[in-house]
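Numbering (the numbering used here), first residue to last: 687 to 843. For glycine and all other residues, C-beta sits at the position ideal for the given N, C-alpha and C. Input: a single structure, listed below in structure tokens.
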Amino acid sequence: MDLQLDVQRPSRCSGLPGDGQIAAWARAAIGDARESAELSVRIVDEEESRALNSRYRGKDKPTNVLSFPADLPEELGLPLLGDLVICAPVVAREADQQHKALPAHWAHMVVHGTLHLLGYDHIEDADAEIMEGLETRLLEGLGFPDPYTAKELDEHE
């Protein structure tokens, strides 16, 4: 799978994953769904996350990951998948609160957000069960534990 990845890191946080890690996690989530994809990942601090979450979701608080799917007609045949905005301080705080290794939670956020870009959702219980099962299998395939064993929901849900 050919992935064109653009990673932006305006966040002042330390311990951010590298481009190679992000690419591996995104590739795992995309799997066979596409032959090629273009994805942007922007790693931000709480102020930018809060502003975007307020503007696009009506929630005036920072959140762990926001997904912005590319809204292009399929007949154009362009590989643009979309954009992820991940809030580094929220991811770090959640990993600590949920007793998860920071890299495991980062992987979960990239996989989770990428699945949203592919059209998966978790609004309805049946859809959530499908998405969570897929996330668990993908993360286990990447060497990470089941992200839902703690059963603490992510802040954006």
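L788 is the residue among E810, L788, F830, L820 whose C-alpha sits nearest the C-alpha of C699. It is roughly 7 Å from the alpha-carbon of E821 to the alpha-carbon of H798. Here T835 is exposed. Its C-beta has fewer than 16 other C-beta atoms within 10 Å. Straight-line spacing of the CA atoms in G706 and Y806 works out to 24 Å. Counting C-beta atoms within 10 angstroms of its own C-beta, D813 has fewer than 16 neighbours from the protein chains shown and is therefore classed as exposed.
With a 10 Å radius around the Cβ and a threshold of 16 neighbouring Cβ atoms, E721 comes out exposed. One alpha carbon belongs to A723, the other to E826, and they sit about 23 Å apart.
The Cβ-Cβ distance between V730 and I708 does not fall below 8 Å. Taking 8 Å as the cut-off, the beta carbon of S753 is found closer than this to the beta carbon of G768. If only complete runs of 4 or more residues are kept, the stretch 692 to 760 shows the alpha helix (DSSP H) at 705 to 716, 732 to 743, in order along the chain.
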